[in-house]
Each structure stands twice: as C-alpha cells, then as structure tokens.
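See structure below.
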Amino acid sequence: GGTTVNSGSSGGAGGSTATASANPDAPLKEGLKIAFLPKQLNNSYFTVTDRGGKTAVGEFKGVFSEVGPSEASASSQVSYINTLTQQGTDVIATSANDPKAICSALDEARSGGAKVVTFDSDTDPECRDIYINQATAEGIAATQVKLISEAIGADGGDIGILSATANATNQNAWIALMKKELEKPEYSKLKLVATVYGDDNAQKSQQEVQALLQQHPTLKGIISPTTVGVAAAAQYLSGSEYKGKVQLTGLGFPSQLKEFVKNGTMKSFALWDVEKLGYLTAYAGAALASGQITGAEGEKFKAGDMGEFEVGANGVVLLGDPTVFTADNVDKFNF
Amino acid sequence: MLAETTRPAAVRDTAPRLGFLRSWDTAIIIAVLLSIAVASATVTGFASPRNTGFLLIDLIPILLLALPMTLIILTGEIDLSVASVAGFVSCVFGSLWGAGLSLELIIPLCIVLGAVSGAVNGVLVSVLGLPSLAVTIGTLALYRGLAFVVLGDQAVTSFPRAITSGLQAKIGASGIPVWIIPVVILAIIFGVVLHFTGFGRSLSAIGYSEEAARFAGIRVAQTKFWLFIISGAVAALVGIWWTLRYGSARGDNATGLELSVIAAVLLGGVSIFGGKGNLPGVIAGVVLLGILRNALQLARVPEDTLSMLTGGLLILAVVAPNAIAWSRTLSRRSSTP
Amino acid sequence: MDDSYDVDLRSSPNTAATAAPVLELRDIHKSFGAVKALRGANLSLHKGQVTALVGENGAGKSTMVKTLAGLHQQDRGQVFLDGEEVSFRDPLHAREAGIAVIYQEPTMFPDLTVAENIFMGRQPVRSLRRIDRKAMRQQALELFHQLGVKIDPDRAAQGLSIADQQVVEIAKAISLSARVLIMDEPTAALSGVEVDRLFAVTRTLQERGAAVLFISHRFEEVFALADWITVMRDGAHVATSPAAGLAVDEVIRQMVGRDVASLFPKQDTVIGDVALEVRGLSRKGVFSDISFNVKAGEIVGLSGLVGAGRSEVARAIFGIDKYDSGAIQVRGKALKPLSPRDSMAAGLGFVPEDRRKQGLVMELNVSRNLTLTLRKKLSRFGLLTNQAEAQSTREWARKLQIKAGAPTSPISTLSGGNQQKVVLGKWLATGPEVLIIDEPTRGIDVGTKSEVHRLISELAGTGLAVLMISSELPEILGMSDRVLVMHEGRITAELSRSEATEETVMTAATGADPSTRETPA
Amino acid sequence: MTTLALNRQPSAAWLGTLTRSREFSVFLALAILVTATVAANPRFLSAQSTKDLLLNSSILVILAVGQAIVIVTKNVDLSVGSVLGLTAFATGKIFIALPDLPVIAMLAIGIGLGALLGAVNGALIAVAKVPSLVVTLGTLYIFRGVDFAWAQGQQINPSNLPESFLALGSGAVLGLPYLALIALAVVIAFGLYLRNYRSGREFYAIGSDVLAARLYGIGVGRKVFTAFAISGALAGLAGVIYAAKYGNLDATAGQGLELNVVAAAVVGGVAIAGGVGTVYGAAIGAVLLTTITSALPVLGVSPFWQRAMIGALILASIALDRYLALRTERRLRGHDKHAG
Ligand SMILES: Nc1ncnc2c1ncn2[C@@H]1O[C@H](COP(=O)(O)OP(=O)(O)OP(=O)(O)O)[C@@H](O)[C@H]1O
Ligand SMILES: Nc1ncnc2c1ncn2[C@@H]1O[C@H](COP(=O)(O)OP(=O)(O)OP(=O)(O)O)[C@@H](O)[C@H]1O
Ligand SMILES: [Mg+2]
Ligand SMILES: [Mg+2]
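Protein chains in written order, with this note's numbering: chain A, 1 to 335; chain B, 1001 to 1337; chain C, 2001 to 2521; chain D, 3001 to 3340.
Have a look at this one:
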C-alpha cells in the first residue's frame, strides 16, 4: 500500500544542508537524470506516482528512470540507492521503507552530488533535501472522520479502524489525530471501539474486518486509511450481510473503489491526487538540481502546470487537500 | 597385526589432490571470474572502488549465513529460520539499546540469544528427530512473530551515527570494506573445519547415510545440535550487523533472506539432499549472485528480469551437472563399439 | 571360456528339460563405466526346473538378474523368451512377460502396509476399479499361510526385520504366479526353518511348471533345490551341469578356477582374560537378562533363529540402541549407554549386519569409507589430509585383498564381498580389543568366505576377542570356541566347542519347551 | 499358528483407527479452537461468520491438496504462490480482453495455465532428475518475474471483472459458498483417488521408497511429473478463485503463500519425508491455519502474537506426529512379540 509508512518525524533542524544559496531565477536544467525509487515496484499506488513523475520529467526534458525492489524492504532500497549513486543520478525521488535505514546510503548519494526528494513516506529530515507531503496529517484525519460521520448519519454509533501494519508510522499518526478529532462535540455520538491491522494484505485485512464485526455487533462504520485495506474491506462487505448496514470509508483509489460506491457498499472515500504527487516530486527535484531552491523554508518554485509551491518548515512541501470521491464524481478520475 | 598376504595390492593410487573440488564448483568459480571481467568491460561504474565497496558490503549478511547453512545442508538438514532469528535478535538488540544497556553487554547477550534460538531448532531436530524443513518453517514463523512481540509497532533508530557509518569504513582507497576481513577469516575457519578435520568429514557421511554414520561412531545428534547452535549464533551476528548497518531495529529486518542464502548455497553446488558440496563453491555462489545483481542493476536491467535470472541460475545449478554427466555417458557409449 | 562344459541334456533329471528353454540369455555383455560386469554370460531356464546360479562375489550374478528383470539393458547379447527374442525395457515389461524377481536387497515401501507392498500396482479391485482392501488383506493372509509365517498384512512394512522383509519379498514373487521365478540370494537373511518353508513353496511352484532361478552361496541349499547348476566366473559362463552327480569340490573349482582348501581354518589360540563382559542386559520386549563374556583370543559364536534378538543385543552393547537395565564392560571399563564413540574408545568394534545401510556410506568412495572410523587417528594437529587417508586405505586394501579400482572409486561399484571386506577393514584399522561381527559372511562367496574366516581366526590369534553372530550353523560350529544360543530374547544355552553340534544348537535355538514354537500346518 | 486370522474386532478397530489417525488429531485441535472461540464470542459461528471461515480457507485448502500430493511423493512445490499470482493476474487480463467469457471457461483456462506451469516444474524434476526444492525455488522467482514483467505495475480492479465472476467469489447456495463447494469437491475427488485407486497409491509408493518403486515398474518420472502438474493445476484454479474473491489484483498476489501451504500440509500430517499423509489431513490443516488467523483477533490476542502462535502450532503438530509415530512403532514391536 502506498499510504502506509511514516510521514516524517518532527525533530531535526530543517531539510537542507543550507550551505549553498538558492537562485530562484535559475532555469531548469535540461537532461537531468531523475530516478524514482518507490517502496516497491508493481505497487499500483507507486505506478501512478511514477507516471506523474515521468510526465513532469518529459516536460523539462530530463531523463526519467524507475527502479526499485519487488518487495518493500529498506535494505533492498539501499542497494538501489547505491546503484543510483554510482550511476551519477542527479535526483533521487524516493518513498522510504524505513525513515532511518536508508539514511547513510542517501548521505553517500548526496555527498556524490545527488539531490534527494522524498514523497509519500519521509526519511529523517536531515537525510533528504525536500519532502513532498501528500496532505497534512490533520487534514487526512479530519476528512476521514467527517466522511464516516456523514455516512453513518446523525444517530452515530460504534466505529472501528482497519490500518495497515502495526508499525506504519503515518497510519499511527493519522489514527492518533482521528482520535483527537473524535473528541470534538459534533462527533460525540461516534465511538471508536477498536483498531485492527490488516498488514496491507487482502486476506488478512478481510479476516480482521470479520473479527471486528463479530466482536462488535453494534459496529456502524469502518475507516481504513490504507488503499489495500479499504479495497479488501469493500470487497468483503459487498458480498456479505453487512453491505449497506456497516459503512466504510478510507483512503483508496477511485479505480479500485468505484464499483463499491456505485453498488452502495460505501458512500464516499478520499485520496489526494496521486499522479500529481509524482509530478510535483519531479519538479521539486529538478528545482533542487538546477539550484532554484536549496530546501530552506520560504523558498518558492514552479511545478509545471500545477503552479507555484513554497517550501515549508523542515523542508516539507505540501501537495494540497485530499479529494473526496462519491458515486457522482468517481468516473472522472483515471487512477 | 595381520599377516601380509602374497597377492599384490589391487588398489591403484589415483587419489587426486584437492579432491574436494569437483567440476561444478570449478565452473562456478570460472563464472565468477568471467562475470567480473565482462562486467568491468561493459558496465560503466562497475569496476570502481566505490562500487566494490557497495558490492562487498551487501554480501556480508548472505556470506555469513551461508557458512553454517552449508554445513547444515551437508548433513541433509536445512535451516529456514536464520533470517527470522536475525530479525528477532535485531529487535531484542534494539529494545536493550533503548533500555540503555551498553554495546559491550548487548552484543554477547544477543549472540547467546541467537545460539539459544538455534538450540531450540537443534533440540527439535536432533533430539526429537523431527524433519528440519518442517521444524524451521515453524520457527521461521515463531521467531519472526517474537520479533514483533518484542518491538511491536516500534522501531528503534537511536543508534549513534558514528557507529552506523563506522561499519561502512573502507580499507584505504581500495573501496574494500573493513568489516569484510573478519567475515573472510570466519569463512576460512569454516572451510578448514569442513574440509580438513574429522568433524568436517563426518558431515558428508551423515548427509549421505545417517545410519551408517552412527554405526561408525559419529555422534549424529550432537553434531546436528551444534550446527544449529552455530547457525543461530551466526544469524545473531547478522541481526546485529543489520541493525547497526541500517541504524534501525524493527520486526521485519532481514525478512526473506533465508531464500537468498539457500539459493546461493545451492548455486555453489551443495546437494539439497546432503553429502555433496564444498565451501569454495558456496562462496563462489554467493559472490556470483552478488556480482550479477550489482552489475545488472548498474546496467539498468529491471528487477523482474533479475528475479527471473536468479531463478534460472538456481535451476541451471542443479540441471547442468546432470546434463554434463549425461552427455559424457552418451559420448562414451558412442565411442565404445 | 577356458573350462566350459558341454551341457549334457540326456542326463537331465527331468525329461521336460529336453524341451526348449522358457527363458534364455545368450552371450550377454554389460559394462558399468570401466567395469565389465558381464562378458559373455549364458543362462537358460526350463519349465518346471530349478537352475542354480553360483559364482564368486562380483561374478555378475545379480547383474544377470537385473538384466532379466529389465532393470539393466545389456550392451550386447540376446534374451529369448519361448524362443523369441525379446528386450525388456523396464521391470514392468518383464513382469508382464511373466517374470517375477526377488532381488538381493529387499525393496520395500516402509510407509505402506505389508499387503500393499505385496500387491502394489496389482491390487485387487472392485466396482469402479476401486481397490478392494478386504480382498487384498485376505490374499496376503493366504500367501503368508502358504509360507507358514505370521505377519499382520495391515501393519506398516517399516520396522520389519530383514528376515520378515525377505518373507514379504517372497510372498510378492509367489503372488505373481509367474512362469519364471528369479531369486537372488533369498535365503541370505533366513534361518533353517524359514529356508525349509521357502523350499517347500518353491517346489510347489516348480511342480506347477514354473522355471526357477536360484542364487545362493550356500552349497547345501543349492544342492538341495537345484536341478541344474550354472557357474559363472568374472562375468562369463563357465559351465552348466545337472546337479545330480556333481561334487561340491568340482563346483568350487569351477567358481574360483583353483582348488580351495579348508573352508573354516580355525586356529587354536591362547585364551586370555575377559575382554567383554555383559551382565543382565535387558530391553523390554526385545531381550532380557543377557549375561555372557568374551575373553581375549576367543571367538564366541552367537546363534539363534532369525528374530531371536541377537542383532539387538549387539547394537545395545555397541551403543546404537538403548537398554533398560544391565551393565557392559570392556576390559573392566564400564561402557556408557548409547555412545558408540565411547565404546570405540574403550576398544570395541562392530561390523553390523546390514552392509549397505549400516556398514557403509554407499555414496562415498572406498577411502572415505575405510577411514570413517579413523578420523581422529589419522589427524595431525587436528587436520586431516587426503594423503593420509589414501595411504591408510592402500595399507588395508592390501592386507584384506580388497578388489577395487582405486581408493577414490565409489564403494557402490564394488561387489558385495569386497564391500564386506571394506567394512571389516574399517573396524580392524581402529585396532579394537573386542570385535562384534554380525553376519560376517552374509552374501559372500566361498573363496572370500574362507578368507574372511581365516582373517577372523588370525585376529583371534593375536588376542582379539570376537563375538560372532551368524545364522549359518556350519560357520558357528566351525569358527567358535564357545557358542551362545538365543531364543526369543533370552540366552538358552552356552556350549563349549566340543558340546556344540547341529543338534544341541538347534534345540536351544527353537526353545527349551518345544510347545512354545508351533510348527506350520 | 495354523490359522492366521489375527484377533481383531472390526468395529472397534474401525473406531480405533479413526481416533488414532493423524487427521483426527488435527480435527480435534480445530474443534477445540472453534469451541474456545465460540465460548468467547458466540457470533464466531453465526451464519455469516461460518460462511466467512469457509470462504477464507477455500484457497489454502485447494493449494494444500496439491501440495499434499507433491509432498507424498517426497517432493515439495514452493512455486505455488507464484503460480497463483500469475494465473490470478492472467484471469484479470483475459477478462479485460474477453469480457463475455463464461466463468466456467475461465476456470478451465486457469486450471490449464496452472497445469502448464506445474508441468514445467514436473518436466525439470522428472526429466533432468533434479531436486524439487531447488527447481521450485527457481520457478518461484521465475514465475513471479514473469508476472511482474507482464503487469508492469498495472492493477486489475473489480470493475474489470464481470459481475457473474465476482459473484463466484462471494455467492453461496444453501448457505454454502461456491468456493467452499469447489474446495470440497477437490478434496473429496483427490482423497478418493489417492486412497482407492492403483495409480493413486503409486504416489505413496514413490514417496516411501523411490528405488523400490522403480523395481516395481512404476513410472517414477511420469508420476512425479503428474504430481507437479496437479499441484500446478490446483494453484491455477486457486488463482482464478483468488481473482474472483478479491477483485483487486496486482502482480504480488500470493506472494509468500508457499510456506503457509507447506505448513498447512505438514500440520495436517503429511510427512515432509514422503509416503505418509492424506489430502483430508492437509485440508483440515489448511482450515486450522486459516481459522487461527480468524479466531485470534476474536479471542483478543494481540496481533503481534499471531505469527508466533502459528509457528508454535506448526512445531506442536509435527511433534505430535512424531509422538504418534513412536507410539505406533512401539505397538508394532509389542505385536511382533506376540506373533513371533
Ligand atoms: N551399477 C553398477 N555400477 C558399477 N558397477 C557395478 C554396478 N552393478 C554391479 N557392478 C559391478 O559388476 C560386477 C558384478 O556385480 P554383481 O552384483 O552382478 O555380482 P554378484 O555375482 O551378484 O556378486 P555377489 O555374490 O556379491 O552378490 C561387480 O564387479 C560389481 O562391482
Ligand atoms: N525396527 C523394528 N521395529 C519393530 N520390531 C523390530 C525392529 N527391529 C527388530 N525388531 C524385532 O526385534 C526382534 C529381534 O530382531 P532381529 O530380527 O534383528 O534379531 P536377530 O536375532 O538379530 O536376527 P537376524 O540378525 O538374523 O536378522 C524381532 O522380534 C524383530 O521383529
Ligand atoms: Mg549379487
Ligand atoms: Mg540380526
């Protein structure tokens, strides 16, 4: 799943080594070698981000490549980072399987002259130049709670969360913020009764949902802020007696879930524009490599037809708010 | 004490020197040299100190685990739990470190833990006589599970940068990692023990025929028991190495490494049924897989092709010796009237 | 073929022999790599007659059998079935042609039931071609009845003693009601009673018209059963003659190409102190209260029927199997139970009964096998070299006259007798004070057998204490200074050399109270 | 000794054999687990939950049947996860190309494709005479690589699959899910075949002693080839079913499944050393493993403990096997003494 690991620890002095000075007017260099290194190849989420990246790289006439391991592990990412370093890649755009484990490899890459942009899952801030954050954790948490509350209706009731792996840091951050959100008076009738972990495995996710429903017969809704989990849960609910009785929302792909918003298994779900995430990542990398920005707070760069973005604290660039999908708009998206 | 008989000796002396090297191992060693030559000539960036460093440092865990694995497979057993032991040890390492213990204390504790984990396999296999394939599939799940029990959803990453980058130190400008030296020394020790001691001799005998080995006074159960302990202890070293090298102790560390290790050992000419195989071949197997992976990655060969290549090589490793033997008998048959 | 004899058909003991042979092999050649196992072997089997095939170890008898069975394909030569040339692709093909084979080594499916072992591939079926287990069990029971043995058809073949396995093999071959029955040393693991039953069954089959090939190294059996005797030497046919009127000495001369002197050259030795002392050894359900000793320079024979528990006692002494109570001492030093290494250190050697499974590692070469017990002894500073191994191998190969290609030849390419010598050598090389030998000459030809006996005798002469288990009565009587007899897990007699006769030993072996052992109907 | 009828009472023997059988002890473990879970939460056996249990285990059951046949011949098939992944993905691709393909035809194609992949394993093992562990470890990598190369990150969504096909994944007749019925049919068919047919028994003969099997004239190579083709075909069937059940597919479907499948067979009493075990046992083993994953969360066991408990269960079951085998051996010994 593409939305699982951490969204960066808050410590650290800022994303950039900040010794070089930025020249906002420098043109984007041509022929930049930009490599996307996702958590795992053949993962549909990253297929889409990398597609966005490829579009962007084509626009500024760079050389795009996509490499990565077939199973999501930090150690194999390290070996790919090493290879990229050795190949003299200008920009490494990566989604980290472990915030720490790939750090020393990234250090070596940066000392060899590469710029490092993380997207989706950050590393420790001192290991990269910029992190493209898909959405603020607060925004995600608020959207998810709002969607489930709307789906269940005014009477409220018990809800549960189906997460990915138990040590997925960004999942845990979102869950913590959702709990906070639920304390608000408008959600007083919603009660979070359990959080379960489906390990981003379809079968395990389904079994966890089943157990959740058995243990909590009064359950009214499920939030699954992970693409694999929400798809598996929707698939199960749609074929079970709970269809339409237990509400489901989460973070998922329109292509995977349109079936289920149309057949009434779920009313709505959310996700950011995944393709744009890759697109922005590529532009941020190019801006770094061309000397437009260094990753310091307050710097600005232009990301093709997405317009201008500003680097925030800790070298974080925010993509925007998540999109909410319903039966009405779901067909308009192609990811 | 026997009366000398008058008939002449019927046994000719044709014992070759270095008899432990057989055709497949030689082929693998040649393949290593060839692949180095070809990759240096055709893959840009392959033959450089920095790449040598990358290549060798990635070999360390597999090479370490391959040493005891070779001995275990020679006795006809297998240890699928090594990567899980490494992961388990990594988590314990992390939690002890998090609790503020010193490395001098943690490292021996972790090695003991690895040895004990191996001893559990050893007891089940050699004392209770259970099949090691099944036992270690069980402990593969058990130790990985315990790793998650120890650290749960946490990852310990508070290791000082000085240690984690110190592990990557190189010998001068050669690009050769400093830490490959103790690994090579360990490999030599394993090699000498396997090929030039009575203990090593007994492993093949056990692998070919446990019963005959027992009747020859070989302590089969004890031997296997110790091999599993050694395997556990070495897996603990890998767990420690992994944690410090990546600066991160977490439940999924080293997942799936067992298959890479076994693939390398089998590629090195060790028979999965036990008995046949030697350490130089295994080391060549480990190095060959490492070089191919590194060179092809540099040459931008996609991951799916690498995966198919690994599988293909593995099959080739077992098919080729048979095919060679077969073609030999064919040619012999056609040459005799 | 130097001393071939013309086959004199007129003097055949049975007129049927004048008819064309059922099965005939002509001028068969077969090589395994460099080894020429067969070079011009002939054999013919006739309806209703038993042909015995004799020859030294490695003469090529088993290779002939395997060629007949379709397991090997001959390099040259012809096989005729009812006068028509055939060539058996595989064992199934041969079986369909009516040839049933009992191989030299029992071939069992240990996890399957005894009944299924007998009928595999030919199980009786009922509707929808489903296997009829009841009928299968019944047929198995009938076969065992015929053979006069009591084996549960529903038990797993695993754990059957070698003798019982051989019985199952025989039952299997009989059940095929084949036209040609081939038995490669079926009696090697059997004792007198079972052999008699086997012979009775064989004669029945013979009367029904089956052609039988019988291979054995025991001449009394050969002469008791065979109508014809075919002798092979070095892969070639030497002679085929009617058994009647043929002298044993003549057969031996044909086999070895020279005269063989005394079969059991037992030397007189000086008997010394007690070397091996066993006190009250018991294991529930296997043996109980076994007490005896063996003195330096003495050969003690341990006799008994198959299944009496002799091998079990030997294994317990050496430390392979556990025992419940009792004590064992070698030269006054108590042995640790279940520790063969400790036993070896104390000066005990053990030549086990199953050469291929227990005595040798079949995949290793001669040298590695011979030196497997010498790992410590040959090491210098803890290190072991091929040179040291090869040297030791050559020394012992010379002493025991082992015929093998080279120290590095795979042990599997040696004939049975030479393999047995390797096992002996591997234990003699440890310089033991007490040697337990279980079936020292099982499946070994006369020439080699007398050599082995001479060896054992000489060893005793040097002060070695020998415990010799054997199912062959002449061997026991000829070799032993003292004879122990076991019956159903107990020692029932201890006889001095002069007391031991065929009669006294057999009486003790069948039990003091004859009513405990029923006779077959 | 003249009459050889051994004294045994048929009816009692029948019961004794049943309760002593390895399948019975696995079944007992399953029953205990279900009872304990129901005691903790009665809804564990509600109509919906029972259906879920059956659905969840059907894929593993089908794979375990194939694996059992292979293990009985003293081989092992590690490539099943990759075969499942490849056929599952192929199912999606075929439906995208031919949306009107009948479901039954898709099942046939899946079985055929799986059998083909299994035949590749079988041919390598039987013709080249090389160990199956190595060959199938190799094809585990190769088939997955093909899958990845073909998919290139593409995802199959439920909207790509026909309604009738998805209904196969979740539908039921008389409360029995289609998938469970398919799995049950597979188990019974192969169970009867292996026990009651000559050619079925030959698998056991080969696993018990391959040399003896050759001497008996059993076509060992052909038989081993068949075992792998069957295992492949069943993995292919499981792949199609996987596609129907989950709807969302990428190239990673079934990754890492092979060890679970082997574990299911082993837990079900199929001995890794060959020659022993039944597909019934393997199937119960598969249900047991799946039920554990479903029951532990219901019992409130921390998710972190689940994997460790599965490991412990595998160890317990092989230890139990060993204990039962030793007991049988002792019994045979005692029996012989009476007979001798
Ligand atoms: N598969 C084989 N490979 C190589 N050599 C073989 C093979 N089988 C038999 N031989 C050799 O062929 C020769 C004949 O062996 P065979 O087993 O036929 O002898 P035999 O007369 O049955 O002896 P024994 O009485 O010991 O059983 C021996 O020298 C043996 O070593
Ligand atoms: N593995 C086993 N499982 C069950 N019973 C066994 C096993 N091995 C031996 N026995 C039984 O132990 C008893 C003695 O065994 P065994 O036949 O080896 O005795 P023996 O006197 O040495 O005979 P021999 O050496 O002539 O074959 C027999 O009743 C036999 O059936
Ligand atoms: Mg023979
Ligand atoms: Mg015996």
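In this text, a Cβ means the ideal position worked out from N, Cα and C, and glycines have one as well.
Alpha-carbon to alpha-carbon, residue j and residue i
i       : j       : result
F325/A  : G307/A  : 24 Å
F3112/D : G3200/D : The sequence given here places Gly at residue 3112/D; Phe does not occur at that position. Answer to the nearest angstrom: the Cα atoms are 21 Å apart.
L1953/C : D2342/C : Since the first residue of chain C shown is 2001 and the last is 2521, residue 1953/C is not available in this structure.
E2518/C : A2224/C : In this prediction, E2518/C scores a pLDDT of 37, lower than 50, which makes its location untrustworthy; the coordinate-derived value is nonetheless stated afterwards. Looking at the two C-alpha atoms, the distance is approximately 25 Å.
T17/A   : F1199/B : Per-residue confidence for T17/A stands at a pLDDT of 45, beneath the threshold of 50, marking its modelled position as unreliable; no derived number is given.
G1311/B : L3257/D : 17 Å
Y242/A  : T218/A  : 11 Å
Q2165/C : A2157/C : 8 Å
G2405/C : G2301/C : 34 Å
A2236/C : K2357/C : 29 Å
Beta-carbon gap between residue i and residue j smaller than 7 Å
i       : j       : result
S1126/B : K1224/B : yes
G3122/D : I3230/D : no
T2430/C : P2407/C : no
A3212/D : M2183/C : no
G252/A  : G52/A   : no
Cutoff 8 Å; reference residue i; Cβ partners in own chain excluding five residues on either side
i       : result
V2361/C : R2368, N2369, L2372, I2411
L2198/C : L2147, I2170, P2186, T2187, L2190
G3300/D : A3040
A2163/C : A2189, L2190, S2191, E2194, V2306, G2307
L3045/D : V3034, V3038
T2501/C : L2477
Extent of the continuous beta strand (DSSP E) to which residue i belongs
i       : result
G2349/C : 2348-2351
A2465/C : 2465-2469
K3074/D : Where K3074/D is concerned, there is no enclosing beta strand (DSSP E), given that its DSSP letter is neither H nor E.
R2283/C : 2274-2283
L2435/C : 2434-2438
E3023/D : E3023/D -> not in any beta strand (DSSP E); alpha helix (DSSP H) instead, spanning 3022-3040.
CB contact check: residue i to chain E, cutoff 7 Å
i       : result
K2266/C : Absence of chain E from the displayed structure is noted, the protein chains being A, B, C and D.
Cut-off 7 Å between Cβ atoms - residues of its own chain near residue i, not counting five sequence neighbours on either side
i       : result
R2375/C : L2384
Sequence-distant residues of the same chain with beta carbon closer than 6 Å to residue i, five excluded per side
i       : result
V3134/D : none
Y236/A  : Q206, V209
D2152/C : none
F2287/C : G2309, E2312, V2313, G2489
F60/A   : L28, A286
Residue i, enclosing alpha helix (DSSP H) - first and last residue
i       : result
F1190/B : 1180-1196
D50/A   : 44-59
Residue i CB to nearest heavy atom of ligand 5 below 6 Å
i       : result
V1238/B : No copy of ligand 5 occurs in the structure displayed; its ligands are ligand 1, ligand 2, ligand 3 and ligand 4 alone.
Segments of 3+ residues assigned as beta strand (DSSP E) that fall wholly inside the stretch 2167-2235 of chain C: The DSSP assignment places 2180-2184, 2211-2215, 2228-2233 as complete runs of the beta strand (DSSP E) inside the stretch 2167-2235 of chain C, in order along the chain (cut-off: 3 residues).
Those runs of the beta strand (DSSP E) which lie wholly inside the stretch 123-160 of chain A and span at least 3 residues: 130-133
Alpha helix (DSSP H) segments (min. 4 residues) lying fully within the stretch 2301-2384 of chain C: Within the stretch 2301-2384 of chain C, the complete alpha helix (DSSP H) runs of at least 4 residues are 2310-2318, 2340-2345, 2366-2370.
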